[in-house]
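The numbering of the sequence shown is my numbering, which starts it at 2 and goes up by one.
Structure first, then comments.
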Amino acid sequence: MSSLGGVSVVRAVKKRWRKIALLAVISVALATWASLGLLTKKYQAHTTLLVQPLVPAEGISYDQLLTNERLTVTYGEIIKSYTIARNVIKTLGLNTTETKLLRKLSVSPVKDSLVLALRVTDPDPDLAIKIAAAFASDFVRKLPDFMHVENVSVLDSARLLNSGRPVSPNPALYAGVAFFLALNTGIGVSILLEYLNRTVDDEDTLEQVLSAPVLGVIPVYPAPAVIEGGDRKPSKRVPCVDDPRSSVAEAFRSLRTGIRHIPFEHVIRTILVTSPLPLEGKTSVAVGLAACLAQEGRQVLLMDCDLRHPSVHEFFDLSNERGLTDVLAARHSLPDCVFPTQVSGLKVLPAGQLPPDPAGVLSQIGFSALLESFRNTYDTVILDAPPLLSAADGQILGKLCDGVLLVVKADATQTESVRRSKRLLARVGARIIGSVLNAKRPDRRGHYGYSVF
Ligand SMILES: Nc1ncnc2c1ncn2[C@@H]1O[C@H](COP(=O)(O)OP(=O)(O)OP(=O)(O)O)[C@@H](O)[C@H]1O
Ligand SMILES: [Mg+2]
Numbered sequence: 002m003s004s005l006g007g008v009s010v011v012r013a014v015k016k017r018w019r020k021i022a023l024l025a026v027i028s029v030a031l032a033t034w035a036s037l038g039l040l041t042k043k044y045q046a047h048t049t050l051l052v053q054p055l056v057p058a059e060g061i062s063y064d065q066l067l068t069n070e071r072l073t074v075t076y077g078e079i080i081k082s083y084t085i086a087r088n089v090i091k092t093l094g095l096n097t098t099e100t101k102l103l104r105k106l107s108v109s110p111v112k113d114s115l116v117l118a119l120r121v122t123d124p125d126p127d128l129a130i131k132i133a134a135a136f137a138s139d140f141v142r143k144l145p146d147f148m149h150v151e152n153v154s155v156l157d158s159a160r161l162l163n164s165g166r167p168v169s170p171n172p173a174l175y176a177g178v179a180f181f182l183a184l185n186t187g188i189g190v191s192i193l194l195e196y197l198n199r200t201v202d203d204e205d206t207l208e209q210v211l212s213a214p215v216l217g218v219i220p221v222y223p224a225p226a227v228i229e230g231g232d233r234k235p236s237k238r239v240p241c242v243d244d245p246r247s248s249v250a251e252a253f254r255s256l257r258t259g260i261r262h263i264p265f266e267h268v269i270r271t272i273l274v275t276s277p278l279p280l281e282g283k284t285s286v287a288v289g290l291a292a293c294l295a296q297e298g299r300q301v302l303l304m305d306c307d308l309r310h311p312s313v314h315e316f317f318d319l320s321n322e323r324g325l326t327d328v329l330a331a332r333h334s335l336p337d338c339v340f341p342t343q344v345s346g347l348k349v350l351p352a353g354q355l356p357p358d359p360a361g362v363l364s365q366i367g368f369s370a371l372l373e374s375f376r377n378t379y380d381t382v383i384l385d386a387p388p389l390l391s392a393a394d395g396q397i398l399g400k401l402c403d404g405v406l407l408v409v410k411a412d413a414t415q416t417e418s419v420r421r422s423k424r425l426l427a428r429v430g431a432r433i434i435g436s437v438l439n440a441k442r443p444d445r446r447g448h449y450g451y452s453v454f
């Protein structure tokens with residue numbers, strides 16, 4: 002039991018085992034309650050009849066033995082006849098029909114013997130005994146009229162089975178069946194939900210799909226409080242700087258540690274931050290990570306290479322009038338376009354004027370030469386990029402950088418998008434150093450429960 006239609010059964014169950022267990026407990030409790038309190042208790046009375054073999058003068062042969070056994074079966078059918086039932090109703094003065102009465106009776110020959118067993122089931126234990134006894138005695142009395150023989154006698158008089166306790170409902174049986182059904186339903190529904198929900202919702206899935214480590218998990222920002230005295234929108238704040246004690250800032254510091262410990266043989270100086278689709282948090286992660294790395298004492302350059310929808314400058318109250326494209330087009334000098342920020346050690350190169358062909362600009366020799374020069378100037382260069390599945394820019398940049406950090410939005414990015422991104426990056430020979438699971442909701446234990454912004 003490992004994978005069903007691409008869904009890991011173990012994972013599906015592991016994720017929802019509490020709900021499955023709760024379902025099982027509730028089902029068992031309901032079944033026990035229903036069987037003890039709701040369903041009518043039924044008792045069973047039992048009696049046996051002994052059929053004397055018909056022995057001819059010359060002794061008993063094999064055929065004769067078979068005849069006696071068949072006779073027993075025939076007697077069983079006679080007991081279940083309307084005639085006998087009518088007699089029993091009359092004898093006991095019952096207010097019922099033959100059909101209803103016969104439903105309570107079961108007759109079966111005891112295997113390899115000439116004994117007939119009669120069982121009567123009824124909510125009233127005394128009545129069950131009386132009906133069983135009446136069927137037995139009425140049959141014995143009436144038999145000579147039908148068959149002209151008197152070879153049946155009551156072997157065991159009618160008594161209650163199961164030590165006088167009801168034979169149904171059986172709470173243990175009901176509870177067992179309910180438990181089994183609940184367990185199977187729970188597992189089935191879990192697999193179905195897992196199959197329908199193909200978004201990445203935890204680190205395990207992400208690591209499995211991308212075959213790369215999850216270097217950080219950034220919690221979802223709580224609803225932004227009104228920020229007094231701030232010009233920037235709450236969504237454009239830099240966690241490590243603006244709210245260093247928040248859980249988001251802590252998550253970025255963990256990401257920084259994760260990056261520092263990447264087990265790669267090469268030094269990772271240029272890191273591309275991208276994601277499969279728009280609005281998954283690429284820029285937020287690039288900004289947060291760059292600020293955190295600079296706080297550690299590194300010289301960091303944050304380049305806005307999203308030449309379609311640049312937004313890095315907004316996080317640092319900068320203008321986008323001058324930037325990368327202007328340096329490449331020689332409209333401005335590099336020192337004019339690289340801006341210091343409130344974080345010591347962190348500089349920002351905004352995107353600049355938006356070109357008509359962003360992929361073309363990033364493919365220029367000039368761009369790779371500029372990146373190479375930054376590699377020699379800064380400890381780390383972080384590049385913010387457009388989404389991988391919407392434009393070729395991400396692949397071009399991925400090829401030029403030492404490593405790619407893939408941002409995936411929890412419960413939103415489809416696993417298939419992650420797979421496609423991985424394929425695209427692999428095609429150009431880009432190296433995925435790991436991923437960031439962004440906007441992860443707090444779990445039931447309340448992680449990320451305190452104020453963030
Ligand atoms: N962890 C998070 N929790 C809640 N909201 C977030 C989180 N990360 C990012 N966001 C919000 O999601 C929106 C998109 O973020 P961001 O601009 O960083 O994404 P992006 O992938 O760079 O988008 P684009 O594709 O447009 O460049 C922003 O409003 C941002 O505030
Ligand atoms: Mg962006």
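Note that beta-carbon positions come from the ideal geometry of N, C-alpha and C, so glycine has one too.
From which residue to which residue does the beta strand (DSSP E) around residue i run?
i	result
lysine 410	404 to 410
valine 108	106 to 110
threonine 381	381 to 385
valine 150	It is not in any beta strand (DSSP E) - valine 150 carries neither H nor E in the DSSP assignment.
For residue i, count neighbouring C-beta atoms within 10 Å of its own C-beta (all shown protein chains included) and say buried if the count is 16 or more, exposed if not.
i	result
aspartate 318	exposed
asparagine 96	exposed
glutamate 195	buried
glutamate 151	exposed
aspartate 113	exposed
alanine 427	exposed
aspartate 243	buried
tyrosine 83	exposed
threonine 258	exposed
glutamate 229	In this predicted model, glutamate 229 has a pLDDT of only 45, less than 50, meaning its place in the structure is not dependable; the value taken from the coordinates is given anyway. Glutamate 229 is exposed by the Cβ-count criterion.
alanine 226	Note that alanine 226 has pLDDT 47, beneath the 50 cutoff, so the model's placement of it is unreliable and the number below is only indicative. So alanine 226 ends up on the exposed side.
lysine 105	buried
valine 239	buried
threonine 98	exposed
lysine 410	buried
lysine 101	exposed
Is residue i helix, strand or coil by DSSP?
i	result
glycine 522	As displayed, the chain neither begins before 2 nor continues past 454, which places residue 522 out of reach and without an answer.
isoleucine 269	coil
tyrosine 451	Note on tyrosine 451: pLDDT 35, under 50, position unreliable in the model; the coordinate value appears next. DSSP places tyrosine 451 in coil when its eight states are reduced to three.
leucine 390	coil
alanine 292	helix
arginine 238	coil
aspartate 305	strand
valine 36	It is worth fixing the name first, because residue 36 is serine in this sequence and not valine. Residue state, collapsed to three classes: helix.
threonine 275	strand
valine 74	helix
May I ask which residues mark the beginning and end of the alpha helix (DSSP H) holding residue i?
i	result
glutamine 415	Careful: glutamine 415 lies outside any alpha helix (DSSP H) and carries neither H nor E.
histidine 314	313 to 316
threonine 258	248 to 261
cysteine 207	Strictly speaking, residue 207 in this sequence is leucine, with cysteine absent from that position. Counting along the chain, the alpha helix (DSSP H) containing leucine 207 begins and ends at 204 to 211.
valine 121	Looking at the DSSP string, valine 121 is not in any alpha helix (DSSP H); the run it does join, the beta strand (DSSP E), is 116 to 123.
aspartate 327	325 to 329
threonine 98	Where threonine 98 is concerned, there is no enclosing alpha helix (DSSP H), given that its DSSP letter is neither H nor E.
leucine 371	366 to 378
Beta-carbon within less than 8 Å of residue i's beta-carbon, same chain only, minus the 5 sequence neighbours each way: which residues are those?
i	result
leucine 355	Leu308, Arg309, Pro311 and Thr326
phenylalanine 147	Ile79
valine 74	Pro110
Would you list the residues sitting across from residue i in a DSSP beta bridge?
i	result
proline 341	Lys348
leucine 103	Looking at the DSSP assignment, leucine 103 forms no beta bridge with any residue, so it has no partner.
serine 169	Lys43
glycine 435	Leu406
lysine 441	Pro220
arginine 160	His47
valine 286	Answer is none; valine 286 lacks a bridge partner.
serine 334	BP columns for serine 334 are empty, so no partner.
valine 155	Leu50
threonine 200	Gln415
Among the residues of its own chain, which have a CB less than 6 Å from the CB of residue i, if the five just before and after it don't count?
i	result
proline 172	Thr33, Ser36 and Leu37
serine 109	Ala118
arginine 17	Ser191
alanine 159	Ala46, Thr48, Ile130, Ala133 and Ala134
glutamate 208	Val215
arginine 120	Gln45, His47 and Ser107
Using a Cβ-Cβ distance under 8 Å, would residue i count as near chain C?
i	result
threonine 41	This model lacks chain C altogether, as it is built from one protein chain only.
Spatial neighbours of residue i within its chain, please: C-beta separation below 7 Å, excluding the five flanking residues on both sides.
i	result
alanine 183	Leu24, Ala25 and Ser28
leucine 211	Leu407, Val419, Lys423, Ile433 and Ser436
phenylalanine 180	Ala25, Ser28 and Val29
Beta carbon shell of ligand 3 at less than 7 Å from a heavy atom:
Annotation note on ligand 3: not contained in the displayed structure, which lists ligand 1 and ligand 2 as its ligands.
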